[in-house]
């Protein structure tokens, strides 16, 4: 059984759920008749894991899927069978962060709000390494700081690929002043923000101290949209314990919070001006 979650897995789960409901069977009934384990079925329905095709086919037979529904399920299963090895250092990544990374591979639009740090899609190698050294307890591998820059570079390919993701970042002004890695590292990071703000698919807005409260004062949020009309928005929040995926209803709440914050943020032009000013005050050549 494949671990993790992709859009394909979630779409497959949404395809199976109404067939199960129509059958009138409970999950325990399907377990008994199909001899597929309960964890496999429940995780498949929720989009958290992908069963092997023979097990899925057995479940579909038990719940009375039509030939057309089985064919569509197979198509969704093939799409969902994504190899996470396409992600740099996937083996070392926490499961929910890996899930975010896999969603980013297929997103057409991403919006983030960071109240303490520069967002991962905009981090320099030095900044990422400094963060990794401070986050050892949250990473699986023992030498993550040595791999953090490569992982960030791999992730940031979403911004420069042939069909790049449309990226809109809201960054708290406090993150610009936080000396992650020291003055030299931070100077490079701020220069990088200015450079990335010049890309046509990247919009950076700063929530200045004058904005006051804006609904999300701790951690970070991630909102990802996809090009399929039937695919709901994916949303995540980051806490001290790591990345947390949220359900569809909460995703809409987070989206409204992001929109409210965006209205309070500086314009993209004024944000670049503030970033340049903070950079100049560092006194680093």
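In our numbering, the protein residues as written are 2 to 286. Don't be surprised by glycine CBs; every beta carbon is placed ideally from N, CA and C.
Under the three-state DSSP convention, the category residue i falls into
i: residue 215; result: coil
i: residue 109; result: coil
i: residue 279; result: helix
i: residue 174; result: helix
i: residue 124; result: coil
i: residue 50; result: strand
i: residue 76; result: helix
i: residue 130; result: helix
i: residue 221; result: strand
i: residue 34; result: helix
i: residue 115; result: strand
i: residue 167; result: strand
i: residue 20; result: helix
i: residue 206; result: strand
i: residue 141; result: Confidence at residue 141 is low in this model, with a pLDDT of 49, below 50, so its placement is unreliable and no value can be given for it.
i: residue 260; result: helix
i: residue 253; result: helix
i: residue 95; result: coil
i: residue 181; result: coil
i: residue 285; result: coil
i: residue 15; result: helix
i: residue 162; result: coil
i: residue 9; result: helix
i: residue 294; result: With the chain represented from 2 up to 286, any question about residue 294 goes unanswered, as that position is not in the structure.
i: residue 43; result: helix
i: residue 152; result: helix
Alpha-carbon spacing of residue i relative to residue j, whole angstroms
i: residue 58; j: residue 27; result: 17 Å
i: residue 100; j: residue 209; result: 31 Å
i: residue 276; j: residue 112; result: 19 Å
i: residue 239; j: residue 133; result: 15 Å
i: residue 262; j: residue 114; result: 8 Å
i: residue 19; j: residue 77; result: 15 Å
i: residue 182; j: residue 222; result: 23 Å
i: residue 128; j: residue 79; result: 38 Å
i: residue 124; j: residue 177; result: 12 Å
i: residue 236; j: residue 179; result: 26 Å
i: residue 56; j: residue 233; result: 26 Å
i: residue 96; j: residue 103; result: 11 Å
i: residue 41; j: residue 62; result: 16 Å
i: residue 105; j: residue 227; result: 9 Å
i: residue 33; j: residue 39; result: 9 Å
i: residue 117; j: residue 247; result: 20 Å
i: residue 194; j: residue 243; result: 24 Å
i: residue 192; j: residue 54; result: 49 Å
i: residue 45; j: residue 255; result: 26 Å
i: residue 30; j: residue 214; result: 50 Å
i: residue 197; j: residue 273; result: 10 Å
i: residue 136; j: residue 21; result: 43 Å
i: residue 211; j: residue 220; result: 19 Å
i: residue 264; j: residue 107; result: 27 Å
Residues of its chain near residue i, where Cβ-Cβ distance is below 7 Å and the 5 sequence neighbours each way are ignored
i: residue 16; result: 73, 74 and 77
i: residue 43; result: 28
i: residue 284; result: none
i: residue 121; result: 153 and 156
i: residue 216; result: 258, 261 and 262
i: residue 131; result: 181, 182 and 186
Beta-bridge partners of residue i, as assigned by DSSP
i: residue 199; result: The partner list for residue 199 (beta bridge, DSSP) is empty, contrary to what the question assumes.
i: residue 245; result: 238
i: residue 186; result: In DSSP, residue 186 forms no bridge with anything.
i: residue 226; result: 110
Sequence-distant residues of its chain with Cβ nearer than 6 Å to residue i (five each side left out)
i: residue 172; result: 115 and 207
i: residue 141; result: Per-residue confidence for residue 141 stands at a pLDDT of 49, beneath the threshold of 50, marking its modelled position as unreliable; no derived number is given.
i: residue 71; result: 61
Cβ-heavy atom distance, residue i to the ligand SAH, below 8 Å
i: residue 107; result: Here there are no bound small molecules, and the ligand SAH is not part of this structure.
Other residues of its chain near residue i: CB distance less than 8 Å, five sequence neighbours each side excluded
i: residue 188; result: 280, 283 and 285
i: residue 252; result: 224, 233, 234, 235 and 236
**Asked** Would the segment 157–164 and the segment 192–203 be scored as touching if the rule is three or more Cβ pairs under 8 Å?
**Response** yes
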